[in-house]
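The next block holds one structure in the form of structure tokens; read it before the comments.
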Amino acid sequence: MLGEFHEANWKIVDPRKKYYKVKCPCGKHIRTIHLSPSNPNYVRDTRGWLYRQPCYPWEEGT
């Protein structure tokens, strides 16, 4: 999942305790990423959030 944020040019901040922080290139969006989430849909939900962001780089034809 962090690879998708990296490919979208988001800055990934290493965790101090239990969370990674990811910051978008425009600086308006930030998200914390759990190291061990309990929600079985966490990865799907987080990807959906990423894809809905206006600064996500959609490729032509997708």
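Residues in the sequence shown are numbered from 1 upward in steps of one, following our numbering. Each residue gets a CB set at the ideal place from its N, CA and C atoms; glycine is no exception.
Mind checking whether residue i and residue j have CB atoms under 8 Å apart?
i, j, result
"residue 35", "residue 15", "yes"
"residue 8", "residue 56", "yes"
When you compare only the Cα positions, how much space is there between residue i and residue j?
i, j, result
"residue 38", "residue 46", "13 Å"
"residue 28", "residue 22", "11 Å"
"residue 61", "residue 51", "At residue 61, the pLDDT of 47 sits below 50, so the modelled position is not reliable; the number obtained from the coordinates is stated separately. Taking the straight line from one Cα to the other gives about 15 Å."
"residue 33", "residue 18", "8 Å"
"residue 25", "residue 44", "22 Å"
For residue i, does the three-state DSSP call read helix, strand or coil?
i, result
"residue 19", "strand"
"residue 6", "helix"
Assuming residue i contacts residue j under a Cβ cut-off of 8 Å, what Cβ separation, rounded to an integer in Å, is found between them?
i, j, result
"residue 58", "residue 31", "Not really, about 18 Å apart at Cβ, beyond 8 Å."
Quick one: what's got a C-beta closer than 6 Å to residue i's C-beta in the same chain, skipping five residues either side?
i, result
"residue 13", "21"
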